[in-house]
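Asker:
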Amino acid sequence: RFVTDGQLPLRQCLHPETCSKNLDLPGYYSYFHDLRKEFRAFYSMPEEPQCIRDMVTYLGMSPDTESEFYVKEIKDMVNIVQRLLADGHKFDNPETVNLRLEPGICSKNEEVDNSCVVRARGLPWQSSDQDIAKFFRGLNVAKGGVALCLSPQGRRNGEALVRFINQEHRDMALKRHKHHIGNRYIEVYKASGEDFINVAGGSNNEAHAFLSRGGQVIVRMRGLPYDCTAKQVVSENSCQVMDGEKGVLFVKKPDGRATGDAFVLFNQEEDAGKALSKHRELIGSRYIELFRSTTAEVQQVLNRSMDPKTYEPQMPLIAQVPQVPLLPQHIITSGTRKDCIRLRGLPYEAQVEHILDFLGEHAKNIVFQGVHMVYNAQGQPSGEAFIQMDLEQSAFLSAQQKHHRYMIFGKKQRYIEVFQCSGEDMNLVLTGGIPAGAVSPAKAAALLSPGMLPPHPPPPIGSAVATPLPPPTPALSWEPAHALVQAQVAVAQQVQAHALAQQNLAIRQSQAQQEGLWFMNQLAVAQQHQAAMAAALVAATSSRLYLLNMPPRLPLGSAPLLPSQASAGLGATSNFHHKGPPPQLPAGASFSPGTAHPPPPHGILSPIIQSPMTAAAIMGLKRSWEHAFPAEMQPSGAVKRQWQPPHSTTTTFHPSAGLPTVAYQTQFYPAL
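In this text, residue positions in the sequence shown follow full-length UniProt numbering: the first is 1, and each later residue adds one.
Right, here's the structure in full:
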């Protein structure tokens, strides 16, 4: 027998590698002695030694001095074994490695240790219990310890629960996380004993009697004709069925009707290949699917087949709102009073009691059967719910105090959106967007609550808004149990029609008032614009006259200016003034800013009153003639003199002589 330093060399290295390479090991590799366990048990150590050096140190022996590591370790192990034998220890309890998975039955009442179960995820859908046992080769799986998990439709979902004989083997199994089966890596996590019992446990006496026969191979048949018998199943198999017709177990519904599934037992492992070779062959007019199965799968299928909930009709696409005893459904969920709240963002697993816990003290204001869950098109929870409150104030306070508060559901923590809404909003969602009653388009926007989408697209801009008429009184399709109900319904319809008429009148008055204000604002803007244009025209005319009468500029850089020439220039300035005011725009001139069209009534906004425009704003800052030339003006009849150029260079200039005052300002001619 082998003596190893711990469990890992054989269980986690040798056996997994040979199994993955399809190599067969001799039988003596399935038994070994763990030197660490033997040493601890004999010397009663509180903890198991972690290496060879710990055992050598404990015995007070000198370690071997070989340079090569493996030679040194082997010699130290030989010395320890000889010391154990000399002290009287007997190696009579070897460790075993199970190469085959043994079938077993698990009952609902059995207790499974939480430290012995793992969950394997990512398995190929065609994997059998033997394939999973090979993945964990080297570790000992308990009898019937592989439970393949099934989906709600009864098909394998790629997960399995595996139960080991003790925690040590479970811990070694967790180290195979993300090892491969073929080209797929497998995830391995811890699981509880309760998880294993829920999948593999059973209490069906028929299943227990079937599995107690001890067959090595279980094959599942699916798609059988409903009138198929055990004799037909036995005759169709090419290999011997265990115990004949008693080795066939049909799966039936609680009322005894067939489901088309059956399990068949075989004696030998070699019979599995022959039986599975009939996959997709015909029995009668139907082809049959064959799969390798397990005892846990037999328990799961039979447990579900006997559960009446499995065959209940599927959940409707839209949740059915429970009716109040006297009033029908369309009366409950219609109306414009915002006495309802809408919850959005709920966990999919949330139930009515979780919603009541979330609302807290506000839950006392919920009406009888007033919590309505919303489901999607697949019949699954959508994460929304509508709640009917007794008063609008109750709905307002609930939405105000619970909006964006957190709901703690298990390990999840979700914040919930809470909106106040009306019965009409609730009806739109619960009935797939079909309103319960006739609601005018003008009123629909006002009735729309936060978090709700508009039920109809808005009308195009510029289109006339038709005045909605009060809806006709619909004929009641239900027969009330009392005349009082009819009277209440009639009064409610009259009140609703009166409120609708009052609202339409207010809308028309508001539209007319807004149109009048719009035209007055446009007229004021046009008048301001006209005055600004007139002022700009006056300033522009003055500037043109100034430019036309501008005198010729003196040549800069020429000969010095003589006194006589300066006086001639002074006299020429007397003509530079206008004889009258510039032409102006007539005061009565009409100005049309263009044809004005008011926008649609629902889009009127207050126009922006623009500030009046001035000439300075248009032409820039300009000086008047008097401000630019403040000197006295000469008589308008003065004759201009021609400037005479100098005749010779003998003319002298006396800088000391006083020059006459120049009419041109220095700010215009800085060179003078």
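We treat Cβ as the ideally placed atom computed from N, Cα and C, and that holds for glycine. A quick note: this is a predicted structure, and the numbers were derived from the prediction, not measured.
State the CB to CB distance for the pair V248 and V233, rounded to an integer number of angstroms; the pair is presumed to be in contact (CB under 8 angstroms).
Answerer: Indeed, because the Cβ distance is near 5 angstroms, the residues count as touching under 8 angstroms.
Asker: State yes or no: is the C-beta of I355 within less than 9 angstroms of the C-beta of M389?
Answerer: Their beta carbons are not under 9 angstroms apart, which means I355 does not touch M389 by this criterion.
Asker: Would you check if the distance between the CB atom of I105 and the CB atom of S235 is smaller than 9 angstroms?
Answerer: No, these two residues do not count as a Cβ contact at 9 angstroms.
Asker: In chain order, what residues of the same chain lie with their CB nearer than 6 angstroms to the CB of Q216, ignoring the 5 residues before and after it?
Answerer: The residues are E269.
Asker: Cβ atoms of V97 and I132: under 9 angstroms apart, would you say?
Answerer: Not closer than 9 angstroms, so no.
Asker: So I105 is in the alpha helix (DSSP H); what residue range does that whole segment cover?
Answerer: First-last for I105: undefined, no H or E at that position.
Asker: Alpha carbons only, please: which of F291, G154 and E349 is nearest the one belonging to K411?
Answerer: Taking only the C-alpha atoms, the option nearest K411 is E349.
Asker: Quick one: what's got a C-beta closer than 6 angstroms to D261's C-beta in the same chain, skipping five residues either side?
Answerer: R222 and V251, listed in sequence order.
Asker: Y58 lies in the beta strand (DSSP E); which residues open and close that run?
Answerer: Where Y58 is concerned, there is no enclosing beta strand (DSSP E), although the alpha helix (DSSP H) it sits in stretches over I52 to L59.
Asker: Among residues of its own chain, excluding the 5 on either side of C19, which ones have a beta-carbon nearer than 7 angstroms to its beta-carbon?
Answerer: Result list for C19: K134 and R137, in chain order.
Asker: For A481, count neighbouring Cβ atoms within 10 angstroms of its own Cβ and tell me buried if that reaches 16, exposed if not.
Answerer: Because the pLDDT at A481 is just 43, under 50, the model does not fix this residue reliably, and the value given afterwards should be weighed accordingly. Flag for A481 reads exposed.
Asker: Buried or exposed: R1, going by 16 or more other Cβ atoms within 10 Å of its Cβ?
Answerer: R1 comes out exposed.
Asker: Would you identify the three-state DSSP class for P9, choosing helix, strand or coil?
Answerer: DSSP places P9 in helix when its eight states are reduced to three.
Asker: Between the C-alpha atoms of K231 and N157, what's the straight-line distance to the nearest angstrom?
Answerer: Roughly 32 angstroms separates the two Cα atoms.
Asker: Using a Cβ-Cβ cutoff of less than 8 angstroms, which residues in the same chain neighbour R286 once the five nearest sequence positions on both sides are dropped?
Answerer: Within the same chain, R286 has close Cβ partners G223, L224 and P225.
Asker: Which class does E269 belong to by DSSP, given the choice of helix, strand or coil?
Answerer: DSSP places E269 in coil when its eight states are reduced to three.
Asker: In whole angstroms, what is the alpha-carbon distance linking P560 and L537?
Answerer: Here the model assigns P560 a pLDDT of 47, short of 50, so the residue's position is not dependable, and the following value carries that caveat. Their backbone Cα atoms lie some 42 angstroms apart in a straight line.
Asker: If you compare alpha carbons, which of L359, N198 and S62 is closest to Q401?
Answerer: That would be L359, whose Cα lies nearest to the Cα of Q401.
Asker: According to DSSP, is V418 helix, strand or coil?
Answerer: Three-state DSSP puts V418 in a strand.
Asker: Excluding five sequence neighbours on each side, which residues of the same chain lie with their C-beta closer than 7 angstroms to the C-beta of F107?
Answerer: For clarity, residue 107 is Ser in the given sequence; the question names Phe instead. Here the set comprises G201, G202 and S203.
Asker: Do you know how far the Cα of L302 is from the Cα of G256?
Answerer: Straight-line Cα distance between these residues: approximately 12 angstroms.
Asker: Just grab the DSSP bridge partners of A385 for me.
Answerer: According to DSSP, A385 bridges with L343 and M373.
Asker: May I have the straight-line CA-CA distance separating G273 from G154, to the nearest angstrom?
Answerer: Those two C-alpha atoms are separated by around 23 angstroms.
Asker: Can you determine whether any heavy atom of the ligand MN sits closer than 8 angstroms to the C-beta of G182, and answer yes or no?
Answerer: Within the structure as shown, the ligand MN is missing, as the structure has no ligands at all.
Asker: Less than 9 angstroms between the beta carbons of S394 and N365, yes or no?
Answerer: In this structure, N365 lies closer than 9 angstroms to S394 by Cβ.
Asker: In chain order, what residues of the same chain lie with their CB nearer than 8 angstroms to the CB of P49, ignoring the 5 residues before and after it?
Answerer: Within the same chain, P49 has close Cβ partners R36, F39, R40, M55 and Y58.
Asker: A191 by DSSP, collapsed to three states: which one?
Answerer: Correct three-state label for A191: coil.
Asker: Rounded to whole angstroms, what is the Cα-Cα separation between R414 and P347?
Answerer: Whole-angstrom Cα-Cα distance: 7 angstroms.
Asker: Going by the CB atoms, is the gap between V118 and A207 shorter than 9 angstroms?
Answerer: No, the Cβ-Cβ distance between A207 and V118 is not below 9 angstroms.
Asker: Could you tell me the alpha carbon to alpha carbon distance between E111 and G60, rounded to whole angstroms?
Answerer: Near 45 angstroms, if we compare the C-alpha coordinates of G60 and E111.
Asker: On the three-state DSSP scale, how would you describe I366?
Answerer: Strand at I366.
Asker: Buried or exposed: where does H180 fall if 16 or more other Cβ atoms within 10 Å of its Cβ makes it buried?
Answerer: Exposed, since its Cβ has fewer than 16 Cβ neighbours within 10 Å.
Asker: When the Cα atoms are used, what is the spatial distance from G122 to A191?
Answerer: Taking the straight line from one Cα to the other gives about 15 angstroms.
Asker: Applying the 10 Å Cβ sphere with the 16-neighbour rule, what's the burial state of L282?
Answerer: Counting Cβ neighbours within 10 Å, L282 comes out exposed, since fewer than 16 surround it.
Asker: Measure the alpha-carbon distance for P9 versus F32 and round it to whole angstroms.
Answerer: Near 11 angstroms, if we compare the C-alpha coordinates of F32 and P9.
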